[in-house]
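Here's the structure, in structure tokens; my notes come after.
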Amino acid sequence: MKKSKAKKRRIIYVFGLIVFLIVLFLVGWFFAILFEGEKPSISLEPLPEFFTKIQEFNLSISDRKRGLKRLTISVKQGGREINVLKKEFPFNGLLNRQGVHQFKKEIFIDPLVLNLAQGRADLYVQVWDYSRQGGGDGNHSLVQHKMIVDTIPPAIRAISRQHNINQGGVGLIVYQASSDTEESGVFVDDHFFPGFPVNEKSQEGIHVSYFAISYNASKTPKIHLWAKDMADNASKTTFYIHVRNNTFRKERLTISDRFLEQILPYFSFYPFDPGESNIKKFLIINNDLRKENHKTLLKVAETTHPDKLWEGSFLRLKNAATMARFADLRSYYYKGKKIDEQGHFGVDLASLSSSPIQAANSGKVVFADRLGIYGLTVVLDHGQGITSVYAHMSKISAPLGQEIKKGESIGFTGRTGLAAGDHLHFGIMVNGIFVNPIEWFDSHWIKDNINRKLSLIK
Ligand SMILES: [Zn+2]
Numbered sequence: 009m010k011k012s013k014a015k016k017r018r019i020i021y022v023f024g025l026i027v028f029l030i031v032l033f034l035v036g037w038f039f040a041i042l043f044e045g046e047k048p049s050i051s052l053e054p055l056p057e058f059f060t061k062i063q064e065f066n067l068s069i070s071d072r073k074r075g076l077k078r079l080t081i082s083v084k085q086g087g088r089e090i091n092v093l094k095k096e097f098p099f100n101g102l103l104n105r106q107g108v109h110q111f112k113k114e115i116f117i118d119p120l121v122l123n124l125a126q127g128r129a130d131l132y133v134q135v136w137d138y139s140r141q142g143g144g145d146g147n148h149s150l151v152q153h154k155m156i157v158d159t160i161p162p163a164i165r166a167i168s169r170q171h172n173i174n175q176g177g178v179g180l181i182v183y184q185a186s187s188d189t190e191e192s193g194v195f196v197d198d199h200f201f202p203g204f205p206v207n208e209k210s211q212e213g214i215h216v217s218y219f220a221i222s223y224n225a226s227k228t229p230k231i232h233l234w235a236k237d238m239a240d241n242a243s244k245t246t247f248y249i250h251v252r253n254n255t256f257r258k259e260r261l262t263i264s265d266r267f268l269e270q271i272l273p274y275f276s277f278y279p280f281d282p283g284e285s286n287i288k289k290f291l292i293i294n295n296d297l298r299k300e301n302h303k304t305l306l307k308v309a310e311t312t313h314p315d316k317l318w319e320g321s322f323l324r325l326k327n328a329a330t331m332a333r334f335a336d337l338r339s340y341y342y343k344g345k346k347i348d349e350q351g352h353f354g355v356d357l358a359s360l361s362s363s364p365i366q367a368a369n370s371g372k373v374v375f376a377d378r379l380g381i382y383g384l385t386v387v388l389d390h391g392q393g394i395t396s397v398y399a400h401m402s403k404i405s406a407p408l409g410q411e412i413k414k415g416e417s418i419g420f421t422g423r424t425g426l427a428a429g430d431h432l433h434f435g436i437m438v439n440g441i442f443v444n445p446i447e448w449f450d451s452h453w454i455k456d457n458i459n460r461k462l463s464l465i466k
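As structure tokens, then:
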């Protein structure tokens, strides 16, 4: 009897202990859930450095465990805090199991509506969950994003007044841009001609921009000054400009079999299909290779010195006759039939065979190599987007990278590339657009259109 009583008591004791441990475990588990320490997560994008205009933010917040309790979005500037959004999420079901665990929203914030001043402003996104942590406030997450409010575009104004420009020619504008300007220049239709700052202590923000009216520009090209700041605020303004329309010459060139035999060996490097006829090879050279070479020249012209490296009118090949002019439209005939049409974007100057070529102006050699239809070619960078091109040379004496003074020898004329005879093909580019070199040979044109405008900078 005594024994079984003791046994019974032990069973009760063990059972009680188990129940106690289970209760203890359940209570612990309950409190662990109640006081869980996992913070809500916040994803906010984009995170722009500058706050310039109404901005869309994509917000996504979540809390896996106890669920979302509160969301606040505010902008702080100086001592001021402006509330943008405040949202309470309802408590739902046992331990908020049916509560909100994920929330997504597109938020639009407008610096003008919030009446923000220019300068720093911080965006705050804060989220709390339904945990009993933090003295009952819940786990708290914060995303703070620093921004610079900049809603004012740079100021820009023309300083030079009269801009009379020939179609196929060049204009220079002197202008002033406010100190926050990061990039500025002139747009002619869709083509951008960058401006270059002129470091003058007396007048800040003075820039120059050389811009071309392409030979094939529309009758009334849209031209304006443009500037943007670091925050991508852009402004544009018009200025006085008069474009003199030009007509360009038409030229008829007859391609003979003898000419093809004469020029094709130079192009043996080109991967023609086997069995291609000579005239087909010519057409490939005159079209495909020409385009490819033009791309190379554009690439070469992309990097230019920010300062004006040249002075005065450009030198023309000595004692040379003009054989072809700028923007001549050439029609090619073979056996009486028109087979092709191409523009000619330089001047052809012929003197004695292998005449020495002088650098037309001071600059730096940015290309000195074979270049397809142009043959042996030198390109000089004169700074601020102006480059000169010398083609069909027989010999180059100016190595790549060398600084060259106006009048210094850079090589000799020849007939390399697509050339019928010994001559210099001379071209001028402004930011990759071929322009009429005649203007640059003309000291009066330089004086009226360049020097007179540059003299406005004091
Ligand atoms: Zn030419």
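Sequential numbering from 9 applies to the sequence shown in this note's numbering.
Ideal placement from N, C-alpha and C gives every residue a C-beta, glycine not left out.
Because the structure is a prediction, the values reported are computed rather than measured.
DSSP links E191 through a beta bridge to K236. Three or more Cβ pairs closer than 8 Å define a contact, and the region 416-435 falls short of that threshold against the region 198-214. The C-alpha of F201 is placed about 18 Å away from the C-alpha of L388. Boundaries of the beta strand (DSSP E) around Q134: G127 to D137. At a Cβ-Cβ threshold of 7 Å, P162 and S186 count as neighbours. Here S217 is near V194, since their CB atoms are less than 7 Å apart. Just measuring C-alpha positions, the residue of I164, Q170, I221 and G146 sitting nearest V178 is I221.
Excluding residues up to 5 positions away in sequence, V374, F375 and V387 lie with their Cβ nearer than 6 Å to the Cβ of V308 in the same chain. Taking C-beta atoms as the reference points, R338 and E259 count as a pair closer than 7 Å. Distances from the alpha-carbon of H171 to those of E114, Q270, L233 and E190 put L233 closest. Under the DSSP assignment, F442 falls outside any alpha helix (DSSP H), being part of the beta strand (DSSP E) whose first and last residues are I441 to V443. L323 places its beta carbon 7 Å or farther from that of Q270.
If you look at S82, you'll find it in the beta strand (DSSP E) that goes L76 to Q85.
The beta carbon of H433 sits closer than 6 Å to at least one heavy atom of ligand 1. Annotated three-state conformation of D389 is strand, per DSSP.
In the three-state DSSP reduction, T245 falls in the strand class (E or B). Two segments are said to touch when three or more pairs of C-beta atoms, one from each, lie closer than 8 Å; by this definition the region 120-130 touches the region 77-95. Judged by DSSP secondary structure, V308 falls outside any beta strand (DSSP E) and instead within the alpha helix (DSSP H) spanning R298 to E310.
Counting other Cβ atoms within 10 Å of its Cβ, D281 stays below 16 and is therefore classed as exposed. Between R78 and E96, the C-beta gap is smaller than 7 Å, which places the two residues in contact. Spatial neighbours of T80 in its own chain (CB-CB distance under 6 Å, excluding positions within 5 residues in sequence) are listed in chain order as K94 and Q134. DSSP, read as helix, strand or coil, puts P273 in helix. With a beta-carbon spacing of about 7 Å, V196 and A225 fall inside the 8 Å limit used to define contacts. Taking all protein chains in view, the Cβ of K154 is surrounded by fewer than 16 other Cβ atoms within 10 Å, so the residue is classified as exposed. By the neighbour-count criterion, in which a residue is buried when 16 or more other Cβ atoms sit within 10 angstroms of its Cβ, Q110 is exposed. Counting only residues of its own chain and dropping the five nearest sequence neighbours on each side, K47 has a CB closer than 6 Å to the CB of N147 and S149. Every beta strand (DSSP E) of 3 residues or more that sits fully in the region 137-205 is shown, in chain order, as 148-157, 164-166, 172-174, 178-185, 189-196 and 199-202. V157 is not a Cβ neighbour of I50, given a cutoff of 7 Å. For D356, the distance from the CB to the nearest heavy atom of ligand 1 is below 6 Å. Considered as a whole, the region 327-399 harbours 329-332, 336-342, 345-352, 355-358, 364-366, 371-378 and 384-389 as its complete beta strand (DSSP E) runs of no fewer than 3 residues, in chain order. The continuous alpha helix (DSSP H) containing F290 extends over residues N286 to I292. Shown here, S264 sits in coil according to DSSP, grouped into three states, outside any helix or strand.
Comparing C-alpha distances from N100 to each of G86, G142, G75 and Q85 shows the shortest one belongs to G75.
By DSSP's assignment, R423 forms no beta bridge with any residue.
Distance from the CA of E190 to the CA of I173, rounded to the nearest whole angstrom, comes to 27 Å.
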